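Colleague: My structure is below; once you've seen it, I'll send some questions.
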Amino acid sequence: MTKTVLSVDDSASIREMMAFALEPRGYRVVQAEDGVDGFNKMAANKIDLVITDLNMPKMNGIEMTRAIRADARFDGVPIVLLTTEGQREKMLEGKSAGAVGWIVKPFDEQKICGIVKKMIG
Amino acid sequence: MGSPESTFIQEAKDHLQILEEVLLELENTPDNSEHVDAAFRALHTLKGSGSMFGFGELAGFTHHFEDAFDQLREGRAKVSPELIAVSLDSRDHLASLLDLGPDTEAPDALRAVGDVLLARLAKLKGTPIKGTAEGAHEVPAPVSEVADQNVPSRWFISFSPEPAALKNGFRPDLLWDELAQLGDLQLTCFDDRIPALEDLETGECYLRWEMELNANVPRDRIEDVFIFCMDAEITIKTLDEEAAVEDLNPAQGVDDPTKTPDKAATTPATATKSESVRVDARRLDDLMDQLGELVIAQARLKSISDTLDDPRLETTVEEIDTLVTGLRDTTLSIRMLPVSMVFSKFRRVIRDLSVELDKPAQLITEGGETEVDKNIIDCLTEPLVHMIRNSVDHGVEDAATRKAAGKPDMATIHLSASQSGGEVLISIKDDGGGLNADAIRVRAIERGMISEDQEVSTEALYQLIFEPGFSTAQNLSSVSGRGVGMDAVRRVVDDLRGSIDVKSTPGQGTEVILRLPLTLAIIDGLLVDVDGDKFVLPLSSVEECVDLPESENQREDGRTILRIRDQLVPYLSLDNLFGYTPSAVERRRVAIVKADGQRVGLVVDDVLGQLQTVIKPLSPFHRSVEELAGATILGDGSIALVLDVNALVRRASSTLIAA
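Structure representation (structure tokens):
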């Protein structure tokens, strides 16, 4: 069955890069441009993995992580944070919000694909 | 939509623009920490994404640039004029690096510029920065243990996930698969954490595992497998020797926790960001073209339906009519962009000019949210730069003169936009010396534009500054003359079917107002008839329609002035102007239009009504006829010419002056 990754980022380039990396490998990529959009797409699609940016308008990545974790419908869906170096505090906050991991920018196609495979096979 | 790279380039441009706005804001309000944060965020994003999309040099340079703002954020440095100056230059350097395109090495000259900037940045910081000639940006490498010479071969791993692990999407089976790929794995599962049934929460993870891995791998290879098990208690030790117990949680690739806490995403008020989908502008143009054809086809359908007199057809046509109008409005609104997009560029222009000319000047903008068709915005930038330059260069007096006149040292250029009906008004207003009508008159006589004894109103004199060749090399700037390239401004505005008004008060300043249509492609028009031929007047310039009093028809003294509600309005007869045989129609009508800020009547045989007009360009041969803005196809398939009211009135008054 096709696995679906939700890419939440206010930078379209990052979302497109996710799609560019993952779609040829048989994943479906759903894009969302902020936390609110991400949460709504979560509800509207069957998502297997969430990869989210931290800083976003409307609702940031950590708030979205909290919202998803508080909703029993999404139990078992892992959330991975996209961070840049030096965001340690945010990462720990993300962890307590219920994220399972993080990816430090810059990253490339291989790194993303490796992580996605590790998370959802 | 293009590749992720092209999207990145577009985003990077946006970030650079925000950066510029923020830097200019900071120059005025050095203590505004929000602006410092915004600048830092823009740089941080550029750095993070740059190297991913093949802009390594850009990312490398940004790394050092960002440092300067990091220091500001932490209060270790203060905003200084030199910081703003070097930051603006650095921003420009980033723009140049971006222009190179992905995976391109910077030419030596550009690199040299970068090194000079880095040196300046370093000087500000008080610490030397290594040159980034190689563009490598010094992201700390993930901490990894150097592979030991005698890598242990037997590992013991104990792993106890937190209760919420499964809920958070943890998949132990995938971990075992990965470990098994490293070597021989013995796995034991313990259920000793499972509570009594009454305390058991379904969905929680109570299991824990212990494993023995026979693999010749360094410790960090195993840690890698558990990189995402943030919630777990993990112990990894070699069975070859009792190694220290390590907690994996503070994972690799992480900096000092005290560094760069990320603030919530707030953008300064000036840097507006709108959520959007990026669409290739050409597609919008195509959409517009097709919509234009649809509007024409709809008009034809309507005229056929009118002749058939079938109620079913009529209802359908009406319904389609509503839909087409809705589609038109939506499509037009997609093409609308806020004027602030061009406005923001001018702050830099003013800043650089005021430094260059040593005239302190500030820009105040208003109404940046006013929306205009994208194509118009694209055409506007250059003329506006021209006019703003003129304002600072010629409009604003030098410091001594300002002082003598009791004005503040700092000159103010007011740039504002507003919408009025189907038009957008853009005003550029300075508090300089104002236009000198006498000097303009002298110059116009010199140039043979008017005759020496001719009476010309002040407004008409002001309009002369937009005539080609009015003023170029010789400047009138000591008396605040203008005209450097103003004819170019007028040409662009004419092409956009707009008009220019000038208001000026000696000693107090000058205001130039551009009136532009909201959109170019489809306009509302007024269809008129002259001797059986159809013409379209842009509805936005029509103020009202009145009957031509019969007395005027018989008038032979050549006076062409109407009195409308106690106001005198000069009028022109289109039959006369276009060389038709004088009209024999008894009750003619007058469309009162606004041209170059003046009310003028256009006499026509009949006013046929309002219509949506899709403007088609004329053939190259006819394009030089300034009075025609284009042509349009009517519902019955015939063609009507669209008049450029401003050009028409201008030509008429110049021929009248000549005669």
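Heads up: the protein sequence lines correspond to chains B and R, in order. The opening residue of the first sequence carries number 0 in numbering that gives the first Met the number 0; numbering runs sequentially from there. The opening residue of the second sequence carries number 0 in numbering that gives the first Met the number 0; numbering runs sequentially from there. Ideal placement from N, C-alpha and C gives every residue a C-beta, glycine not left out. None of the values given here were measured: they were computed from a predicted structure.
(1) CB L576 (chain R) to CB V568 (chain R), shorter than 9 angstroms?
(2) Looking at C-alpha atoms only, which residue of R:P3, R:G497, R:L174 and R:L290 is the closest neighbour of C378 (chain R)?
(3) Does the CB of K117 (chain B) have a neighbour CB from chain R at under 9 angstroms?
(4) With distance defined between alpha-carbon atoms, name the residue in R:L414, R:I221 and R:V603 nearest to D532 (chain R).
(5) DSSP state of V85 (chain R), grouped into three classes?
(6) Between which two residues does the beta strand (DSSP E) holding C204 (chain R) run?
(7) Exposed or buried, which one is M409 (chain R) when buried takes at least 16 other CB atoms within 10 Å?
(8) Hey, does T269 (chain R) have any beta-carbon neighbour from chain B nearer than 9 angstroms?
(9) In whole angstroms, what is the alpha-carbon distance linking F73 (chain B) and I412 (chain R)?
(10) Would you give the residue range spanned by the beta strand (DSSP E) that L515 (chain R) belongs to?
(11) Start and end of the alpha helix (DSSP H) containing S48 (chain R)?
(12) Starting from the Cα of S582 (chain R), find the closest Cα among R:S572, R:R192 and R:S50 and give me that residue.
(13) Report yes if the C-beta distance between V535 (chain R) and A639 (chain R) is below 9 angstroms; otherwise report no.
(14) Hey, does L165 (chain R) have any beta-carbon neighbour from chain B nearer than 9 angstroms?
(15) Note down the Cα distance separating M90 (chain B) from T82 (chain B), rounded to an integer number of angstroms.
(16) Can you tell which of R:Q507, R:I349, R:R220 and R:E313 has its C-alpha closest to the C-alpha of P407 (chain R)?
(17) With a cut-off of 8 angstroms on the beta carbons, I'd call P537 (chain R) and G433 (chain R) a contact; round off their distance for me.
(18) Kindly indicate if chain R contains any beta-carbon less than 9 angstroms away from that of K104 (chain B).
(19) Please tell me whether H34 (chain R) and L25 (chain R) are closer than 9 angstroms, where the distance is taken between their beta carbons.
(20) Rounded to a whole number of angstroms, what is the C-alpha to C-alpha distance between G325 (chain R) and I563 (chain R)?
(21) Could you check whether L15 (chain R) and L97 (chain R) sit closer than 9 angstroms to each other, using their CB atoms as the reference points?
(22) Can you give me the C-alpha to C-alpha distance between I221 (chain R) and I78 (chain B), rounded to a whole angstrom?
(23) Classify N54 (chain B): buried if its beta carbon has 16 or more other beta carbons within 10 angstroms, exposed otherwise.
(24) Does the distance from the C-beta atom of T187 (chain R) to that of W154 (chain R) stay below 9 angstroms?
(25) Measure how close the beta-carbons of V214 (chain R) and L181 (chain R) come, nearest whole angstrom, since I'm counting them as under 8 angstroms.
(26) Check the Cβ-Cβ distances between T471 (chain R) and every residue of chain B, and say whether any is below 9 angstroms.
(27) So for G291 (chain R), helix, strand or coil by DSSP?
(28) Can you give me the C-alpha to C-alpha distance between I235 (chain R) and M210 (chain R), rounded to a whole angstrom?
(29) Return the first residue and the last residue of the beta strand (DSSP E) that Y570 (chain R) is part of.
(30) Pull up the distance between the alpha-carbon of I632 (chain R) and that of Q609 (chain R), whole angstroms please.
(31) Out of R:G468, R:D437 and R:G447, which has the shortest C-alpha to C-alpha gap to S456 (chain R)?
(32) Please tell me whether L93 (chain R) and F39 (chain R) are closer than 9 angstroms, where the distance is taken between their beta carbons.
(33) Where does the unbroken beta strand (DSSP E) through A234 (chain R) begin, and where does it stop?
(34) What are the start and end residues of each continuous alpha helix (DSSP H) run of 4 or more residues lying completely inside the stretch 430-505 of chain R, in chain order?
(35) Report all residues from its chain with a CB closer than 7 angstroms to the CB of K262 (chain R); omit the five preceding and five following residues, and keep chain order.
(36) Judging by CA-CA distance, which residue of R:N645, R:Q611, R:D372 and R:N435 is the nearest neighbour of L331 (chain R)?
Modeller: Looking at the atomic coordinates:
(1) Position 577 of the second sequence holds residue 576 (chain R). Position 569 of the second sequence holds residue 568 (chain R). No, they are not a contact pair.
(2) Taking the second sequence and counting its residues from 1, one reaches residue 378 (chain R) at position 379. The residue with the shortest Cα to Cα distance from C378 (chain R) is R:G497.
(3) Locating residue 117 (chain B) in the first sequence gives position 118, counting from the first residue. At least one chain R Cβ lies under 9 angstroms of K117 (chain B).
(4) The residue labelled residue 532 (chain R) in the question sits at position 533 within the second sequence. For the set R:L414, R:I221 and R:V603, the Cα lying nearest the Cα of D532 (chain R) is the one of R:V603.
(5) Indexing the second sequence from 1 puts residue 85 (chain R) at position 86. Reduced to three states, the DSSP call for V85 (chain R) is helix.
(6) Here residue 204 (chain R) refers to the residue found at position 205 when the second sequence is read from its first residue. Unbroken run through C204 (chain R): none, as it is neither H nor E.
(7) Mapped onto the second sequence, residue 409 (chain R) falls at position 410. Only exposed fits M409 (chain R), as fewer than 16 other CB atoms lie within 10 angstroms of its CB.
(8) Residue numbering aside, residue 269 (chain R) sits at position 270 when the second sequence is read from its first letter. Only weak support is given to the placement of T269 (chain R): the predicted model assigns it a pLDDT of 40, under 50, and the value that follows is read from those uncertain coordinates. Judged by the 9 angstroms Cβ criterion, T269 (chain R) is not in contact with chain B.
(9) Here residue 73 (chain B) is taken as the residue at index 74 of the first sequence, counted from 1. Here residue 412 (chain R) is taken as the residue at index 413 of the second sequence, counted from 1. Roughly 56 angstroms separates the two Cα atoms.
(10) The count along the second sequence starts at 1 and reaches residue 515 (chain R) at position 516. It spans G508 to P516 - the beta strand (DSSP E) in which L515 (chain R) sits, taken as one unbroken run.
(11) Position 49 of the second sequence, counting from 1, holds the residue named residue 48 (chain R). Where S48 (chain R) is concerned, the enclosing alpha helix (DSSP H) stretches over S32 to G49.
(12) Walking along the second sequence from the start, residue 582 (chain R) turns up at place 583. Closest option to S582 (chain R), judged by alpha-carbon separation, among R:S572, R:R192 and R:S50: R:S572.
(13) The residue given as residue 535 (chain R) occupies position 536 in the second sequence. The residue given as residue 639 (chain R) occupies position 640 in the second sequence. Taking 9 angstroms as the Cβ cut-off, V535 (chain R) and A639 (chain R) qualify as a contacting pair.
(14) Taking the first residue of the second sequence as 1, we reach residue 165 (chain R) at position 166. Cβ-Cβ to chain B under 9 angstroms: yes for L165 (chain R).
(15) Numbered from its first residue, the first sequence carries residue 90 (chain B) at position 91. Numbered from its first residue, the first sequence carries residue 82 (chain B) at position 83. Straight-line measurement puts the Cα of T82 (chain B) at about 8 angstroms from the Cα of M90 (chain B).
(16) As a first step, residue 407 (chain R) is located in the second sequence; it is residue number 408 there, counting from the start. Closest by alpha carbon: R:Q507.
(17) Residue mapping note: residue 537 (chain R) aligns to position 538 of the second sequence, counting from 1. Residue mapping note: residue 433 (chain R) aligns to position 434 of the second sequence, counting from 1. Not quite, the Cβ-Cβ distance comes to about 32 angstroms (not below 8 angstroms), so this is no contact.
(18) As a first step, residue 104 (chain B) is located in the first sequence; it is residue number 105 there, counting from the start. The C-beta of K104 (chain B) comes closer than 9 angstroms to at least one C-beta of chain R.
(19) Position 35 of the second sequence holds residue 34 (chain R). Position 26 of the second sequence holds residue 25 (chain R). A contact, by the Cβ cut-off of 9 angstroms.
(20) For the purposes of this step, residue 325 (chain R) is identified with residue 326 of the second sequence, where counting begins at 1. For the purposes of this step, residue 563 (chain R) is identified with residue 564 of the second sequence, where counting begins at 1. Rounded to whole angstroms, the separation of the alpha carbons of I563 (chain R) and G325 (chain R) is 37 angstroms.
(21) Position 98 of the second sequence, counted from the first residue, corresponds to residue 97 (chain R). Position 16 of the second sequence, counted from the first residue, corresponds to residue 15 (chain R). When the beta-carbon positions are compared, L97 (chain R) and L15 (chain R) come within less than 9 angstroms of each other.
(22) Sequence index remark: in the second sequence, residue 221 (chain R) carries index 222 (1-based). Sequence index remark: in the first sequence, residue 78 (chain B) carries index 79 (1-based). About 22 angstroms.
(23) Taking the first sequence and counting its residues from 1, one reaches residue 54 (chain B) at position 55. Buried, by the Cβ-count rule.
(24) If you number the second sequence from 1, residue 187 (chain R) lands on position 188. If you number the second sequence from 1, residue 154 (chain R) lands on position 155. One thing to note: T187 (chain R) has its Cβ no nearer than 9 angstroms to the Cβ of W154 (chain R).
(25) The count along the second sequence starts at 1 and reaches residue 214 (chain R) at position 215. The count along the second sequence starts at 1 and reaches residue 181 (chain R) at position 182. With the sequence shown as reference, residue 214 (chain R) is identified as Ala, and Val is not the correct amino acid for it. Between L181 (chain R) and A214 (chain R) the Cβ distance is about 4 angstroms, and since that is below 8 angstroms, they are a contact.
(26) The residue labelled residue 471 (chain R) in the question sits at position 472 within the second sequence. Confidence in T471 (chain R) is poor, its pLDDT being 43 and thus under 50, which makes the residue's placement unreliable; the coordinate value appears in the next sentence. For T471 (chain R), no Cβ of chain B is located within less than 9 angstroms of the residue's own Cβ.
(27) Residue 291 (chain R) sits at position 292 when you count from the first residue of the second sequence. In the three-state reduction of the DSSP assignment, G291 (chain R) falls in the helix class, which pools H, G and I.
(28) Taking the second sequence and counting its residues from 1, one reaches residue 235 (chain R) at position 236. Taking the second sequence and counting its residues from 1, one reaches residue 210 (chain R) at position 211. Between the alpha carbons of I235 (chain R) and M210 (chain R) lies a gap of roughly 10 angstroms.
(29) The residue given as residue 570 (chain R) occupies position 571 in the second sequence. Its beta strand (DSSP E) spans residues Q566 to S572.
(30) For the purposes of this step, residue 632 (chain R) is identified with residue 633 of the second sequence, where counting begins at 1. For the purposes of this step, residue 609 (chain R) is identified with residue 610 of the second sequence, where counting begins at 1. Rounded to the nearest whole angstrom, the CA to CA distance from I632 (chain R) to Q609 (chain R) is 14 angstroms.
(31) Counting from 1 along the second sequence, the entry for residue 456 (chain R) is found at position 457. The shortest C-alpha separation from S456 (chain R) is found at R:D437.
(32) What you label residue 93 (chain R) is simply residue 94 of the second sequence in a count that begins at 1. What you label residue 39 (chain R) is simply residue 40 of the second sequence in a count that begins at 1. Not in contact: L93 (chain R) and F39 (chain R) (Cβ atoms no closer than 9 angstroms).
(33) The sequence position of residue 234 (chain R) within the second sequence is 235, counting from 1. The sequence as given places Thr at residue 234 (chain R); Ala does not occur at that position. That run of the beta strand (DSSP E) goes E232 to T237.
(34) Counting only runs of 4+ residues, the alpha helix (DSSP H) found wholly inside the stretch 430-505 of chain R occupies 436-445, 457-463 and 485-494, in chain order.
(35) For the purposes of this step, residue 262 (chain R) is taken as the residue at position 263 of the second sequence. Low confidence applies here, because K262 (chain R) scores a pLDDT of 38, under 50, leaving its location unreliable; read the following figure in that light. Shown here for K262 (chain R): same chain residues with a beta carbon closer than 7 angstroms to its own, the five before and five after excluded, namely D36 in chain order.
(36) The count along the second sequence starts at 1 and reaches residue 331 (chain R) at position 332. Closest option to L331 (chain R), Cα to Cα, is R:D372.
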